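Residue numbers (the numbering used here): 6 to 147. Note that the Cβ used here is the ideal one computed from N, Cα and C, for glycine as well. Note that this is a predicted model, so its numbers are computed, not measured.
Below is the structure:
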C-alpha cells in the first residue's frame with residue numbers, strides 16, 4: 006500500500022510540474038485548483054462514512070478523503086482484473102465493500118491491465134457518474 010501511495014504521489018507531482026511549466030503555478034501549488042480536487046470534493050459529499058473507494062489516483066484520495074481507500078494494486082483485487090463479465094466484476098467489488106471508483110479518462114490508466122474496468126466504469130447498467138472534472142471522474146456502483 007505504501008508503494009502504491011508513493012507511485013501515485015510521484016505521478017501527481019509530475020502532473021503538477023506540467024501545470025507549473027504551462028504557467029499554472031497556482032494550480033500546481035494549491036491542490037484546490039487541480040481538477041481531481043473537484044471530483045474528490047463531490048465524492049466527499051456523496052460517500053458514506055464506511056463506503057470504500059477504489060482509487061486509481063489513491064494518493065490524492067487517501068490524503069483528501071476521510072474514507073477507506075483501496076489501491077488498485079491491492080492483492081485482494083487480483084481476481085477482479087481477470088473478470089470477463091461486468092456483473093461479476095460489480096458483485097466482486099461490492100462483496101469487498103467497494104462502492105465507488107475514482108479514475109482518469111486517460112486511456113493509459115486501464116490499457117496496461119487489459120481488463121474490463123475501462124468499459125465497466127462507463128457502463129450505465131452498472132455505475133452512475135458522481136463527478137467529472139478535468140479528465141477525472143468518479144462513479145458509484147449500482
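Tell me whether residue 3 sits in a helix, a strand or coil according to DSSP, three-state version.
This structure cannot speak to residue 3, because the chain is shown only from 6 to 147.
Could you check whether residue 48 and residue 74 sit closer than 7 Å to each other, using their CB atoms as the reference points?
Mapped onto the chain shown, residue 74 falls at position 69. Mapped onto the chain shown, residue 48 falls at position 43. No, they are not a contact pair.
Across which residues does DSSP place residue 137 in a beta bridge pair?
Here residue 137 refers to the residue found at position 132 of the chain shown. Partner(s): 142.
Give me, in chain order, the residues of the same chain whose beta-carbon lies closer than 6 Å to that of residue 51; leave out the 5 immediate sequence neighbours on both sides.
Taking the first residue of the chain shown as position 1, residue 51 is located at position 46. Once the five neighbours on either side are set aside, the close Cβ partners of residue 51 are 135.
How would you label residue 89, buried or exposed, when you count the other beta carbons within 10 angstroms and need 16 or more for buried?
Here residue 89 is taken as the residue at index 84 of the chain shown, counted from 1. Taking all protein chains shown into account, residue 89 has fewer than 16 neighbouring C-beta atoms within 10 Å of its C-beta and is therefore exposed.
So, at 6 Å on beta carbons, what are the nonlocal neighbours of residue 106 in its own chain, with the 5 sequence-adjacent residues on each side left out?
Taking the first residue of the chain shown as 1, we reach residue 106 at position 101. Taken in chain order, the residues that qualify are 59, 126 and 144.
Closest by CA to residue 61, which one among 147, 133, 112 and 100?
Here residue 61 is taken as the residue at index 56 of the chain shown, counted from 1. The residue with the shortest Cα to Cα distance from residue 61 is 112.
Check for me: the alpha helix (DSSP H) holding residue 97 runs from which residue to which?
Your numbering for residue 97 matches position 92 in the chain shown. Per DSSP, residue 97 belongs to the alpha helix (DSSP H) from 91 to 100.
Go ahead and pull the three-state DSSP assignment for residue 109.
Here the question's residue 109 lines up with position 104 in the chain shown. Looking at residue 109 - three-state DSSP - the assignment turns out to be strand.
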